Amino acid sequence: MAKSSLHAQRQAEQLESPEDELAIPEPFGEESGDPLEESGCTMDTSEDEIEESVAEDIQRFEESFEGINKRYRLINRVGEGTFSTVYKAEDLEYNKYENRWDIDERESRKWASPPGHRKKTNRPHYVAIKKIYVTSSPMRIFNELELLHDLKNSNSVCPLITAFRHLDQVVAVLPYCQHRDFRDYYRDMTIPEMRRYFRSLFTALHSVHEKKILHRDIKPTNFLYNTELERGVLVDFGLAEREGTDWHPCACTLTPEERRYRTTHSVWAQTQDRPSCYPKNDTRPSRRANRAGTRGFRAPEVLLKCTQQNTSIDIWSAGVILLTLLSRRFPFFHSADDIDALLEITALFGRKKMKETALLHGQVFETNIPSYTENGHSLEKIILWCTNRNTKDEVTGLKKELDDEEKEAVQFLYRLLECDPAKRITAEEALRHPFITKAYEDGEGDEDLELVDA
Ligand SMILES: Nc1ncnc2c1ncn2[C@@H]1O[C@H](COP(=O)(O)OP(=O)(O)O)[C@@H](O)[C@H]1O
Ligand SMILES: [Mg+2]
Ligand SMILES: [Zn+2]
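Per full-length UniProt numbering: the sequence shown = residues 1 to 454.
Next up, the structure:
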């Protein structure tokens with residue numbers, strides 16, 4: 001029986017099979033993997049210890065994709081997402097090409113002998129081969145490859161080296177990025193480590209947003225973070241899009257006065273004095289908007305079908321990651337569907353905030369569930385609850401509090417989990433926030449990171 005070489009056992013995602021994806025009636029409702037069932041790769045993947053089923057899978061892949069084993073030696077399966085399987089492989093033709101993508105090589109050259117005196121190294125060079133499921137639509141595959149190509153000069157986006165097609169199978173080749181499975185460290189990350197994690201994540205988001213691209217699926221498994229180098233790269237642009245694609249006017253882009261006028265003259269406002277009622281034969285077309293993403297990480301405006309979503313949806317998702325780290329709960333939100341997800345956010349922020357947020361996008365939010373309070377709970381309180389500090393201190397008899405560093409992290413968190421996308425902090429602003437700038441004061445590892453011109 002072959003041993004498993006991976007720390008955490010990866011599981012195929014059961015959420016939605018590719019068949020289900022095709023069957024989704026709403027073309028924009030693509031759901032990426034369940035964060036609980038997805039996992040990334042732990043730092044050390046030994047070459048000689050792979051599971052039997054993985055070895056069989058690799059063999060099948062090599063047999064079906066003609067010529068792949070001439071260029072790459074497949075070593076292990078390192079990721080299994082909703083839309084692809086990712087393998088670690090050795091690039092057998094590395095020396096035949098210029099390899100500008102190879103950051104490791106560039107780094108090691110800095111310390112090597114001058115050109116001319118340099119010997120060709122025979123050390124293996126690793127790549128990640130992303131086998132995109134054949135059920136993915138050609139448009140979708142093209143979109144991912146095109147956006148990756150556009151982002152090729154960003155240091156914090158895993159660049160596309162090349163791509164191949166054999167019959168209906170497409171593979172993308174990326175540099176292999178050493179990283180650790182989020183589930184191995186989210187419980188113990190210290191606040192200074194969080195500062196550096198988010199400095200790296202926001203540096204990456206800034207470079208993507210600068211190009212007016214929304215990633216749309218920000219979550220731990222799509223940010224490959226190397227905890228030793230304290231540097232991460234963004235992967236998985238399968239759901240990404242250019243800002244403005246399919247935009248239709250949404251009330252959130254009106255001035256507050258215009259919006260107030262519209263709201264007060266709406267049918268809903270005129271029926272406010274009557275108990276909740278709905279038109280019998282509602283002939284209005286249903287509202288459609290891109291809702292692609294991962295459950296638990298979708299911003300309120302995505303859930304509310306805002307028709308002018310912008311890059312700030314990624315900032316909300318980054319906020320969910322910070323909330324996960326501070327509360328030590330993963331996944332923090334775990335909803336069955338979008339309505340459930342809206343209710344989870346209501347449990348935190350209260351009915352009043354959700355009503356305002358819905359109206360912002362011309363929607364009405366109503367709930368008759370009595371347990372939701374009008375004003376919700378503070379994030380401080382939520383974090384104390386989640387970390388079992390909601391009791392009084394046994395010695396002093398005083399209520400337990402967050403420490404000063406945690407309080408500062410929560411101030412930053414409020415800026416990320418801001419329900420109004422126009423008020424939410426941008427990636428560029430986040431890099432100037434004291435929570436992040438203190439990462440530079442902490443010192444460690446800074447020489448590796450270029451300061452972003454924020
Ligand atoms: N360049 C890479 N280096 C190392 N591991 C990778 C790389 N790209 C992807 N992976 C692993 O494969 C997983 C799935 O890849 P991803 O691009 O997110 O595909 P999907 O669209 O199927 O979610 C990632 O979560 C990660 O664990
Ligand atoms: Mg992914
Ligand atoms: Zn809107």
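By construction, the Cβ of each residue, glycine as well, lies at the ideal position given by its N, Cα and C atoms.
Predicted model only: the values in this text are computed from it and were never measured.
Item to check | Buried/exposed call for Gln59, threshold 16 Cβ in 10 Å | outcome: Residue 59 sits at position 59 when you count from the first residue of the sequence shown. Its Cβ having fewer than 16 others within 10 Å, Gln59 is exposed.
Checklist entry - Are the beta-carbon atoms belonging to Leu214 and Asp150 less than 8 Å from one another? => result Looking up residue 214 in the sequence shown gives position 214. Looking up residue 150 in the sequence shown gives position 150. Not closer than 8 Å, so no.
Checklist entry - Is Cys250 buried or exposed, if buried means 16 or more other CB atoms sit within 10 Å of its CB? => result As a first step, residue 250 is located in the sequence shown; it is residue number 250 there, counting from the start. By the 10 Å Cβ count, Cys250 comes out buried.
Next on the checklist: Quick check: the Cα distance between Tyr97 and Ala347, rounded to an integer number of angstroms?
Outcome noted: Here residue 97 refers to the residue found at position 97 of the sequence shown. Here residue 347 refers to the residue found at position 347 of the sequence shown. Tyr97 and Ala347: Cα-Cα distance of roughly 55 Å.
Checklist entry - What does DSSP give as the partner residues of Arg77 in its beta bridges? => result The sequence position of residue 77 within the sequence shown is 77, counting from 1. According to DSSP, Arg77 shares a beta bridge with Tyr87.
Next on the checklist: Once the 5 residues before and after Met354 are set aside, which same chain residues still bring their CB inside 6 Å of it?
Outcome noted: Numbered from 1 along the sequence shown, position 354 holds the residue referred to as residue 354. Answer for Met354: Thr346, Phe365, listed in chain order.
Checklist entry - Just the Cα atoms here: how many angstroms apart are Ser286 and Lys305? => result Looking up residue 286 in the sequence shown gives position 286. Looking up residue 305 in the sequence shown gives position 305. Going from the Cα of Ser286 to the Cα of Lys305 covers about 10 Å.
Next on the checklist: Among the candidates Ser371, Pro124, Cys419, Arg77, whose CA atom is the shortest distance from the CA of Glu93?
Outcome noted: Within the sequence shown, residue 93 is the residue found at index 93, counting from 1. Out of Ser371, Pro124, Cys419, Arg77, Pro124 has the C-alpha closest to the C-alpha of Glu93.
Checklist entry - At a Cβ threshold of 8 Å, is Glu401 touching chain D? => result Absence of chain D from the displayed structure is noted, only one protein chain being present.
Item to check | Beta bridge counterpart(s) of Tyr126 as assigned by DSSP | outcome: Stepping through the sequence shown from its first residue, residue 126 is reached at position 126. Its beta-bridge partners are Glu90.
Next on the checklist: Whether or not the segment 328 to 348 and the segment 283 to 303 are in contact is what I'm after, with contact meaning three or more pairs of Cβ atoms, one per stretch, closer than 8 Å; do they touch?
Outcome noted: yes
Checklist entry - Tell me the DSSP bridge mates of Glu241? => result For the purposes of this step, residue 241 is taken as the residue at position 241 of the sequence shown. According to DSSP, which records beta bridges pairwise, Glu241 is partnered with Leu214.
Checklist entry - Buried or exposed: where does Trp316 fall if 16 or more other Cβ atoms within 10 Å of its Cβ makes it buried? => result Position 316 of the sequence shown, counting from 1, holds the residue named residue 316. Result: buried.
Item to check | Exposure of Ile369, with buried meaning 16 or more beta-carbon neighbours within 10 Å | outcome: Position 369 of the sequence shown, counting from 1, holds the residue named residue 369. Flag for Ile369 reads exposed.
Next on the checklist: Measuring only the C-alpha atoms, how far is Ser39 from Thr82?
Outcome noted: For this step, residue 39 is matched to residue 39 along the sequence shown. For this step, residue 82 is matched to residue 82 along the sequence shown. With a pLDDT of only 47 at Ser39, under the threshold of 50, the placement of this residue in the model should not be trusted; the figure read from the coordinates follows. Ser39 and Thr82: Cα-Cα distance of roughly 11 Å.
Next on the checklist: Out of His361, Glu144, Ser371, which one is the CA nearest neighbour of Glu344?
Outcome noted: Here residue 344 refers to the residue found at position 344 when the sequence shown is read from its first residue. Among His361, Glu144, Ser371, the Cα nearest to that of Glu344 belongs to Ser371.
Item to check | Pick from Val235, Asp168, Pro434, Gly362 that is closest to Thr135, judged by C-alpha positions | outcome: Here residue 135 is taken as the residue at index 135 of the sequence shown, counted from 1. Selection Val235, Asp168, Pro434, Gly362 evaluated against Thr135 yields Asp168 as nearest (Cα-Cα).
Item to check | Residue of Ile50, Tyr414, Glu30 minimising C-alpha distance to Gly319 | outcome: The count along the sequence shown starts at 1 and reaches residue 319 at position 319. Closest option to Gly319, Cα to Cα, is Tyr414.
Item to check | Buried versus exposed, by CB contacts within 10 Å (16 or more), His361 | outcome: Here residue 361 is taken as the residue at index 361 of the sequence shown, counted from 1. Counting Cβ neighbours within 10 Å, His361 comes out buried, since at least 16 surround it.
Checklist entry - Glu230: buried (16+ other C-beta within 10 angstroms of its C-beta) or exposed? => result What you label residue 230 is simply residue 230 of the sequence shown in a count that begins at 1. Looking at its Cβ environment, which holds 16 or more other Cβ atoms inside 10 Å, Glu230 is buried.
Next on the checklist: Rounded to the nearest angstrom, what separates Glu21 and Glu30 at their Cα positions?
Outcome noted: Counting from 1 along the sequence shown, the entry for residue 21 is found at position 21. Counting from 1 along the sequence shown, the entry for residue 30 is found at position 30. Summary for Glu21: the model assigns pLDDT 30, below 50, so the residue's position carries little reliability; its value from the coordinates is reported in the next sentence. Near 7 Å, if we compare the C-alpha coordinates of Glu30 and Glu21.
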